[in-house]
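Right, one structure below, let's go through it.
Following this line, the structure appears as structure tokens:
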């Protein structure tokens, strides 16, 4: 039987390596129990602070055919937690009209957030083109965005920092050019 310390593998029928890297004697804990104990709980809405990333090269390009705004979610709590899936995102116009964004079809992966870390989601936008005026197309001019982190019910309203960026209104389209993606990656 060979034993190697740390997060390395252990060979031998009497030992089990669990996700956390601990080596346990046969029968001490089941694999299902080990997985449950090592997986962080879902983030509570109160420990997640959303923000639109602004003032960097992450700003959307209003002259592009399609562009992206970056939405970040920071774990402001004291415990590690996880997010998975799509945030709820509603664009809000000056007159109070809202547009709930469709979800991009993509596989959602669990993101583990340590305290102080952030994850991101892309808001893909189809900018309004002034040449479309008079064609029956309409501009939706956001002044705010309401954001609900994945798997929570806590909604935060953020100011829309790009006053010159309107989007082509497609809230009734089956495949709109403006939509939200899943959370992905981490940054500190």
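Residue numbers (mature numbering (1 follows the signal peptide of the UniProt record, and there is no 0)): -34 to -1, 1 to 154.
Where a beta carbon is used, it is the ideal one built from N, C-alpha and C, also for glycine.
Let's test the definition: count the other Cβ atoms within 10 Å of the Cβ of residue i and tell me whether it reaches 16, buried, or not, exposed.
i           : result
residue 87  : buried
residue 111 : buried
residue 139 : exposed
residue 135 : buried
residue 6   : exposed
residue 84  : buried
residue 35  : buried
residue 63  : exposed
residue 22  : exposed
residue 151 : exposed
Would you please state the rounded distance, in angstroms, between the beta carbons of residue i and residue j? I believe it to be under 8 angstroms.
i           : j           : result
residue 113 : residue 122 : 5 angstroms
residue 46  : residue 80  : 5 angstroms
Under DSSP, the beta strand (DSSP E) around residue i begins and ends at which residues?
i           : result
residue 59  : 54 to 59
residue 108 : 108 to 114
residue 156 : Outside the shown range of the chain, which is -34 to 154, sits residue 156, and nothing can be said about it.
Give every residue of the same chain whose Cβ lies closer than 7 angstroms to the Cβ of residue i, excluding the five residues on either side of it in the sequence, and list them in chain order.
i           : result
residue 82  : 41 and 154
residue 126 : 108, 109, 110 and 111
residue 148 : 51, 52, 72, 74 and 87
residue -6  : Confidence at residue -6 is low in this model, with a pLDDT of 41, below 50, so the placement of that residue should be treated as unreliable; the coordinate-derived value is given next. Taken in chain order, the list of residues that qualify is empty.
Among the residues of its own chain, which have a CB less than 8 angstroms from the CB of residue i, if the five just before and after it don't count?
i          : result
residue 76 : 48, 49 and 50
In chain order, what residues of the same chain have a beta carbon less than 6 angstroms from the beta carbon of residue i, not counting five sequence neighbours either side?
i           : result
residue 14  : 39 and 115
residue 145 : 67, 68, 70 and 90
residue -3  : Reliability of the predicted coordinates at residue -3 is poor, the pLDDT of 43 falling under 50, and the value obtained from them is presented with this limitation in mind. For residue -3, where only same-chain residues beyond five positions count, there are no Cβ hits under 6 angstroms.
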